[in-house]
Amino acid sequence: MRRVDKGAWPEDGNGQQKIFRPYRKAKSDLIERLGAYCSYCEREKDGLAVEHVVPKKRAPTLEENWTNFLLACRNCNSIKRDKNVSRAGYTWPDDDEDWRPFDYFPDGIVKVQDDLSGPNRKKAQNLFSLLGLGRRPGNDLEMKDIRWRERREAWNAAEEAYASLASEATDVNNVLKLAKHTGFWSVWMTVFSDRPDVCERLRKDFPGTR
Ligand SMILES: [Zn+2]
Numbered sequence: 439m440r441r442v443d444k445g446a447w448p449e450d451g452n453g454q455q456k457i458f459r460p461y462r463k464a465k466s467d468l469i470e471r472l473g474a475y476c477s478y479c480e481r482e483k484d485g486l487a488v489e490h491v492v493p494k495k496r497a498p499t500l501e502e503n504w505t506n507f508l509l510a511c512r513n514c515n516s517i518k519r520d521k522n523v524s525r526a527g528y529t530w531p532d533d534d535e536d537w538r539p540f541d542y543f544p545d546g547i548v549k550v551q552d553d554l555s556g557p558n559r560k561k562a563q564n565l566f567s568l569l570g571l572g573r574r575p576g577n578d579l580e581m582k583d584i585r586w587r588e589r590r591e592a593w594n595a596a597e598e599a600y601a602s603l604a605s606e607a608t609d610v611n612n613v614l615k616l617a618k619h620t621g622f623w624s625v626w627m628t629v630f631s632d633r634p635d636v637c638e639r640l641r642k643d644f645p646g647t648r
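Residue numbers for the sequence shown follow my numbering, beginning at 439 and rising by one.
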């Protein structure tokens with residue numbers, strides 16, 4: 439999961455904090471700051487909506503509050519719903535933390551990172567189940583939940599790009615173009631983990647990466 443910083447509350451032409459009423463109006467600012475990616479599963483576009491970290495049903499005062507916004511795809515949105523009562527107990531993409539909650543593997547597999555322990559492990563596990571990030575074929579929601587399949591496709595695309603780059607059949611700019619189009623930033627970071635030049639570009643070119 440990409441750690442993001444969506445920046446200060448956007449301002450209008452008069453230097454006043456923008457009013458997001460209805461909250462959906464925040465979508466273009468969020469896409470500008472974070473790119474058109476689901477903040478949770480990292481897939482690109484597909485039905486992105488303004489997501490309330492603390493569900494608006496739980497905290498109506500945060501319904502139009504920039505600090506409570508992220509972007510979420512249909513799957514993440516509909517699985518998360520209003521199950522969490524607050525931010526507490528989970529690790530969130532926009533938390534000011536530098537540890538990695540999940541590990542990514544071939545075949546679209548994602549797991550809570552093995553090295554985590556204590557409260558961080560618990561927070562990563564809680565977010566993992568809140569979003570059903572481990573869902574894949576073999577469980578009853580497979581037909582509705584295509585995040586795993588897209589993640590697997592991204593992994594394959596990243597591996598192909600890695601090989602092309604190694605054989606100089608492509609260059610870093612083209613790899614970045616493909617990565618931004620495909621989404622799944624963490625998958626690309628994992629596949630290219632021994633290519634610091636590419637990782638640096640992935641951090642820089644995906645807007646809002648912390
Ligand atoms: Zn998602």
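Quick reminder that beta carbons are idealized off the backbone N, C-alpha and C, glycines included.
What you are looking at is a predicted structure, and each value in this text was computed from that prediction instead of being measured.
Ranges of the beta strand (DSSP E) found wholly within the stretch 477–517, counting only runs of at least 3: 487–490 and 507–510
Residue 441 vs residue 645 beta-carbon contact at 8 angstroms: Along the sequence shown, read from residue 1 onward, the residue named residue 441 stands at position 3. Along the sequence shown, read from residue 1 onward, the residue named residue 645 stands at position 207. Taking 8 angstroms as the cut-off, the beta carbon of residue 441 is found no closer than this to the beta carbon of residue 645.
Contact set for residue 509: own chain, Cβ-Cβ below 8 angstroms, skip 5 residues either direction: Looking up residue 509 in the sequence shown gives position 71. Hits under 8 angstroms: 465, 468, 469, 472, 474, 475, 476, 477, 486, 487, 488 and 489.
CB-CB length for residue 647 against residue 639, believed under 8 angstroms: Here residue 647 refers to the residue found at position 209 of the sequence shown. Here residue 639 refers to the residue found at position 201 of the sequence shown. No, residue 647 and residue 639 are not in contact; Cβ-Cβ is about 11 angstroms, not under 8 angstroms.
Exposed unless 16 or more other CB atoms sit within 10 angstroms - verdict on residue 516: As a first step, residue 516 is located in the sequence shown; it is residue number 78 there, counting from the start. That one is exposed.
Under 8 angstroms between C-beta atoms of residue 624 and residue 566: Counted from its first residue, the sequence shown places residue 624 at position 186. Counted from its first residue, the sequence shown places residue 566 at position 128. Going by C-beta atoms, residue 624 is not nearer than 8 angstroms to residue 566.
Coarse secondary structure for residue 563, derived from DSSP in three states: By 1-based counting over the sequence shown, the position of residue 563 is 125. Of the three classes helix, strand and coil, the one that applies to residue 563 here is helix, per DSSP.
Local conformation of residue 390 per DSSP, three classes: The requested residue 390 is not part of the displayed model; the chain covers only 439 to 648.
Cutoff 8 angstroms; reference residue 530; Cβ partners in own chain excluding five residues on either side: Within the sequence shown, the letter at position 92 stands for residue 530. For residue 530, where only same-chain residues beyond five positions count, the Cβ hits under 8 angstroms are 491, 508 and 565.
DSSP-derived helix/strand/coil call for residue 469: Working through the sequence shown from its first residue, we reach residue 469 at position 31. Reduced to three states, the DSSP call for residue 469 is helix.
Residue 481: CB within 7 angstroms of a non-hydrogen atom of ligand 1: Reading the sequence shown from its first residue, position 43 is the one you call residue 481. True, at least one ligand heavy atom lies under 7 angstroms from that Cβ.
Residue 549 - containing alpha helix (DSSP H), residue span: For the purposes of this step, residue 549 is taken as the residue at position 111 of the sequence shown. Segment 547–550 is the beta strand (DSSP E) holding residue 549; no alpha helix (DSSP H) there.
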